[in-house]
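Scroll down for the structure; my scribbles are underneath it.
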Amino acid sequence: MEFRRRQNMAYATLQAFASMETVGIVTEDGIELCHWLGVADRRILRLAPELKSVLLDIEAWRTMILEPYKWLGPGIYMVGAFIGDGRVVGVMEGRQPMVRVLSSKPDALGRSFGHDTE
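Take the position in the sequence shown, starting the count at 1, then add 164; the result is the number in this note's numbering.
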């Protein structure tokens, strides 16, 4: 499983395992950088009530290397669990990342909602 996040003008790839690479948490003030600890199923993460739900700056994901990426559209964010001490884990629902849809404009990651036609 791979996840993509924009890093400057290129995309960085995160794997499903802990790599301690940089990943962003979407906040009201922008993007806060943390360390990636891979992914875990939400049923497991519910057993640790001290975790805080956050939104990640992940823009795409795929399960197998030969599959195309599934891009998250504007206002759609992957859910993460903040563990503390600058570490975060991605939350999975089975074989798919858990996502949250926010209708706020503009998109926190700069993705376009398209043009209004009048």
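The beta-carbon is built from N, C-alpha and C at its ideal position, and this holds for glycine as well. Since the model is a prediction, treat every value here as computed from it, not as a measurement.
| Query | Result |
| --- | --- |
| Which full runs of the beta strand (DSSP E) of 3+ residues lie inside the region 251-275, going along the chain? | 251-257, 263-265 |
| Does the separation of the CB atoms of residue 221 and residue 187 fall below 8 angstroms? | yes |
| Does DSSP put residue 328 in a helix, a strand or coil? | This structure does not reach residue 328, given that the chain is present from 165 up to 282, and the question cannot be answered. |
| Is residue 220 helix, strand or coil by DSSP? | strand |
| Count the other C-beta atoms from every protein chain shown that fall within 10 angstroms of the C-beta of residue 280, then say buried if there are 16 or more, exposed otherwise. | Its pLDDT being 44, under 50, residue 280 is placed unreliably in this model, and the value from its coordinates should be taken loosely. Exposed, because fewer than 16 other Cβ atoms sit within 10 Å of the Cβ of residue 280. |
| In angstroms, rounded to a whole number, what distance separates the CA positions of residue 200 and residue 276? | 26 angstroms |
| Name the DSSP beta bridge partners of residue 195, please? | 190 |
| For residue 227, collect the residues of the same chain with a Cβ closer than 7 angstroms to its Cβ; drop the 5 residues on either side in sequence, then sort them by chain order. | 165, 259 |
| DSSP on residue 244, reduced to helix/strand/coil? | strand |
| Which term fits residue 167, buried or exposed, when burial requires 16 or more other beta carbons within 10 angstroms of its beta carbon? | buried |
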